[in-house]
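The structure under discussion appears below in the form of structure tokens.
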Amino acid sequence: MSITLNATVRSDMGKGASRRLRREQQVPAIMFGGAKNKKPVALTLEHKDLFKAAESGAFYSSVLDINIDGKAEKAILKDMQRHPAKPQIMHVDFQRVTKSNPISILVPIKFLNEATCPAVKIQGGRISHQVNEVVVTCLAADIPEFVSVDMQDVPVGGIVHLSDLETPKGVKIHALTTGAKNDTPIANIAAKRGGS
């Protein structure tokens, strides 16, 4: 599923200009990165369009099509600031993507066979997730919808690490590219209380 957003280049900068945009139901944004000669661009997006797109899980872990004054750019969401009390998006950061440069992006983890694994179904163990998403590094064309781990054979007391995640070809777990000491736990199966 491809998500397309329309944006316009803005020249008004600063806190006052951003407040004015928000009162007009628009969201200030910035787009950066991409080719070395590309400069960051300040943008404005319609709040209702952005808010609707943000309701989809794909918005956070896929390449977006951003139409800037009629010119299409490919980008990923890098940061989004929300109002602490209102359903309002305050600011968005987009990073341009190119076909040849790898990017790092947060994708969800899908835990397979949780309900049917013997440690839970027969022995009454409880699965606890330490993380539900992970940063992967890959080319924009290779971004997976999710990465998965099969819980079927994990015993009671067993711990699942980042290195246990199944990734498609061309996709690497970012933390594991920086050293084995970063192979942190992502889930475990604990024994039921009062027994083994």
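Numbering (our numbering), first residue to last: 2 to 197.
Beta carbons are placed, not taken as given, at the ideal position from N, Cα and C, and that holds for glycine.
Within 9 Å, strictly: CB atoms of residue i and residue j
{"i": "L6", "j": "D50", "result": "yes"}
{"i": "R120", "j": "G171", "result": "Reading the sequence as shown, one finds Ala at residue 120 and not Arg. Going by C-beta atoms, A120 is not nearer than 9 Å to G171."}
{"i": "T99", "j": "K75", "result": "yes"}
{"i": "M32", "j": "I4", "result": "no"}
Nearest-angstrom Cα separation, counted from residue j out to residue i
{"i": "R83", "j": "S101", "result": "32 Å"}
{"i": "H48", "j": "L22", "result": "10 Å"}
{"i": "S63", "j": "V93", "result": "15 Å"}
{"i": "A142", "j": "P169", "result": "12 Å"}
{"i": "M81", "j": "A192", "result": "39 Å"}
{"i": "L65", "j": "A73", "result": "10 Å"}
{"i": "D154", "j": "A54", "result": "37 Å"}
{"i": "T117", "j": "T179", "result": "34 Å"}
Helix, strand or coil at residue i according to DSSP, with G and I counted as helix
{"i": "T179", "result": "helix"}
{"i": "L1", "result": "Past the edges of the chain, shown from 2 to 197, lies residue 1, and the structure says nothing about it."}
{"i": "P119", "result": "helix"}
{"i": "D154", "result": "coil"}
Bridge partner(s) assigned by DSSP for residue i
{"i": "P103", "result": "DSSP, once it has assigned bridges, lists no residue as partnering P103."}
{"i": "K75", "result": "D66"}
Minimum Cβ-Cβ distance from residue i to chain C less than 9 Å
{"i": "G126", "result": "In summary, chain C is missing from the structure at hand, where a single protein chain is found."}
Go through the stretch 12 to 54 residue by residue and report every complete run of the alpha helix (DSSP H) that reaches 4 residues or more, in order. For the stretch 12 to 54, whole alpha helix (DSSP H) runs of length 4 or above, ordered along the chain, are 16 to 24.
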